[in-house]
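Asks: 101 is the number of the first residue of the sequence shown in my numbering; add one for each residue after it. Glycine included, each C-beta is placed from N, C-alpha and C at the ideal position. Let me begin by handing over the structure; questions about it come next.
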Amino acid sequence: MSAIRLLVLGAVRQHGRAHGYQVRNDLEYWGAHEWSNAKPGSIYHALKQLAKQGHLLAHEVAPSTAGGPPRTEYEVTEKGTQEYFSLLRDSLTRYDQRPDILTTALGFVVDLPREEAVTLLKERVRRIEEWRASVTEYYTPEDGPEQLGHIGEIMNYWVHSADTGAEWTRGLIARIEAGAYTFSGEGEPFVGVLADGEENPYAADAPDADGHG
């Protein structure tokens, strides 16, 4: 699974309607270009593919008075909303060594009801434990990695990653159950996107505090 589809759908959904540069700017604002495959080419490709598949509706907007070609704005369709929540739920429960899947899901987790988020995260813990058990069928952590030569270090890393991942997820579950954050149906939804034309303060070429680039 690629995180880019969820990222793009989530960004467009938060705007309601957005053009490609807005989506790209938002993903850079979130730092997604650092921890995922959200590069400019993949973003624009995802927008076109999602529109082609019926997940986004494309609108051609007249060019500005300053000139230039018409631009395309996108909005999420009903089919796209279903795809968005399907990807979000899958990303929360999936145990994947790549950080982009979980990181993307965490950025949108509050779009779900609190109880459902907890249920999905508990399923994530179950899958982590299941995956760890499959590793320890061939590797005994108590005996150390040397039992399998240097290849044992790979399984040792997997086991430690699983243990850390499960521990972190349980902590998140506890925080959510204790009332942290505002989830769907509980109040004003979180919106973390930039307004059209708003500068991204985290962009590499953004001006510094005294106004110099």
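Let's see if you can read the secondary structure: which residues bound the beta strand (DSSP E) around Glu175?
Replies: Segment 171-176, the beta strand (DSSP E) holding Glu175.
Asks: Buried or exposed: which applies to Trp268, given that a residue is buried once 16 or more other Cβ atoms fall within 10 Å of its Cβ?
Replies: Looking at its Cβ environment, which holds fewer than 16 other Cβ atoms inside 10 Å, Trp268 is exposed.
Asks: Expressed to the nearest angstrom, what Euclidean distance is found between the alpha-carbon atoms of Gly271 and Lys148?
Replies: About 38 Å.
Asks: Count the other CB atoms, across all protein chains shown, that sit within 10 Å of the CB of Val225; report buried if there are 16 or more and exposed otherwise.
Replies: Classification for Val225: buried.
Asks: Taking Cβ to Cβ, would you say Asp200 is nearer than 7 Å to Ala103?
Replies: Going by C-beta atoms, Asp200 is nearer than 7 Å to Ala103.
Asks: Beta carbon of Thr193, beta carbon of Glu223: below 7 Å?
Replies: In this structure, Glu223 lies closer than 7 Å to Thr193 by Cβ.
Asks: Measuring straight from C-alpha to C-alpha, what distance separates His250 and Val259?
Replies: Computed Cα separation, rounded: 15 Å.
Asks: Which whole runs of the beta strand (DSSP E) in the region 166-253 are 3 residues long or more, in chain order?
Replies: Entirely contained in the region 166-253, the beta strand (DSSP E) runs reaching 3 residues are, in chain order, 171-176.
Asks: Which partner residues of Leu156 appear in the DSSP bridge assignment?
Replies: In DSSP, Leu156 forms a bridge with Val176.
Asks: Which partner residues does Ala118 have in the DSSP bridge list?
Replies: Answer is Tyr174, bridged to Ala118.
Asks: With which residues is Val161 paired in a DSSP beta bridge?
Replies: Note: Val161 sits in a beta bridge opposite Arg171.
Asks: Suppose you measure from the CA of Arg113 to the CA of Thr236; what does that come to, to the nearest Å?
Replies: In a straight line, the C-alpha of Arg113 is about 42 Å away from that of Thr236.
Asks: Helix, strand or coil for Ala138, going by three-state DSSP, please let me know.
Replies: Coil.
Asks: So is Tyr281 buried or exposed if we call it buried at 16+ other beta carbons inside 10 Å?
Replies: Classification of Tyr281: exposed, given that the 10 Å Cβ count is below 16.
Asks: With DSSP as the reference, label Thr264 as helix, strand or coil.
Replies: In the structure shown, Thr264 sits in a helix (DSSP, three-state: H, G or I).
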